[in-house]
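The sequence shown begins at 1047 in the working numbering and counts up by one. Here a beta-carbon is modelled for each residue, glycine too, at the ideal position from N, C-alpha and C. Okay, structure first, notes after.
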Amino acid sequence: MSETWDKDSSKEPLSEVDYEKIRYFMRESGKRLLARTGNIADIGVMKANLTEEDLAIERGFKDILATFKGDHTLYAEEEHDEFKSAENVWIADPISGTENFIRGTPHYAIVIAHMVKEQPVFAAVYDPSVDECYTAYTGKGAFLNGIQIAPSSETSRVIFRPSSKWGDKDAQTKIQAGLESYAVESNRYSMAVNYCWVACGRFDGMISLTKDSFPEFAGGFILREAGGRFTNLEGKSDIAPSDRIFISGNTTMYDKLLPIVRDAFKS
């Protein structure tokens, strides 16, 4: 990594071996998910779409972070959902698209991003349903199963992904009207997977209205490292945990989508 660190060993950057621990854990967990998809109970009480695998993966991430030097904090959807500032913050969605995992349909993912001094330095998104692992490192580009990826140069295929929990139907209607000239897909796949599809050129852009921002830290970083744009409504790439509106795409598509979203949310 390019970050300048103190000589204190607790501030040393992680090695490739450390990141490989994360990737290996994700792939091994993915094998287990693939074997259980469509045959696992929703154990959620306070919320829907929670499985024992969500908890196991989140706890597994926590255990790995405990082996790293320095202060590493986990911010994740299930048991660590209070954001705490630290030198190293890991933002995880143990299963992005849990509803698909429960139903036995494809495109759910294990998602994590590593932030150092509030800046992303590493991210990984693993979709076990198709054995696709997307990774990115600061300044080194983004990769799909080890092969470098880049966004498309087209401006036609857009994913519009409002959360089922999004309450502002008027804004959704305005966005849909603004997208009439595009080929629009509104799927229920993992948010993180959708961002990665934009990163590798399968779609040209995406508008997302979300219930949280856990998958956005990894998915957005991968998309930006691939050469695309990913921001919140204010046009900032340094997103916050409280952000819920995101615009992304190749540079040309992003410039077309941002005004559509801003117009929809004008007071």
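Check	Outcome
Quick one: grab the DSSP three-state call for Ser1075.	helix
What residue range does the alpha helix (DSSP H) around Ile1089 cover?	Where Ile1089 is concerned, there is no enclosing alpha helix (DSSP H), given that its DSSP letter is neither H nor E.
Quick one: using the 10 Å Cβ neighbour count with 16 as the cut-off for buried, is Lys1053 buried or exposed?	With a pLDDT of 36 at Lys1053, under the threshold of 50, the predicted position of this residue should be treated as unreliable, though the coordinate-derived value follows. It is exposed - the Cβ of Lys1053 has fewer than 16 other Cβ atoms within 10 Å.
Just how far apart, CA to CA, sit Gln1148 and Ile1103?	This sequence places Ile at residue 1148; Gln is not what is there. Going from the Cα of Ile1148 to the Cα of Ile1103 covers about 15 Å.
With 16 as the cutoff for other CB atoms within 10 Å, does Asn1085 come out buried or exposed?	exposed
Is the segment 1230-1240 close to the segment 1282-1291, with three or more CB pairs under 8 Å?	no
Tell me whether the beta-carbon of Pro1197 lies closer than 8 Å to the beta-carbon of Gly1247.	yes
Using DSSP's beta-bridge definition, name the partner residues of Thr1151.	According to DSSP, which records beta bridges pairwise, Thr1151 is partnered with nothing at all.
Could you pull the start and end residues of the beta strand (DSSP E) that Ala1170 belongs to?	1165-1173
Can you find the residues in the same chain that come closer than 7 Å, C-beta to C-beta, to Glu1200, ignoring five residues on each side of it along the sequence?	Asp1250
Judging by CA-CA distance, which residue of Lys1215, Ile1293, Asp1064, Ala1132 is the nearest neighbour of Phe1267?	Ile1293
Have a look at Ala1081, Gly1273, Asp1301, Ala1122 and flag the residue whose alpha-carbon is nearest the alpha-carbon of Asp1100.	Ala1122
On the DSSP letters alone, give me the boundaries of the alpha helix (DSSP H) that Phe1263 sits inside.	1260-1272
For the alpha helix (DSSP H) that Leu1101 lies in, which residues bound it at each end?	1098-1111
Should Glu1076 and Tyr1228 be called a contact, given that it needs their Cβ atoms to be closer than 8 Å?	The amino acid occupying residue 1076 in the given sequence is Gly; Glu does not appear at that position. Their beta carbons are not under 8 Å apart, which means Gly1076 does not touch Tyr1228 by this criterion.
Counting C-beta neighbours from all protein chains within 10 Å, is the total for Glu1262 16 or more, i.e. buried, or is it exposed?	buried
What distance in whole Å lies between the Cβ atoms of Ala1138 and Phe1107, which are believed to be in contact at a cut-off of 8 Å?	5 Å
Is the CB-CB distance between Glu1271 and Gly1150 below 8 Å?	no
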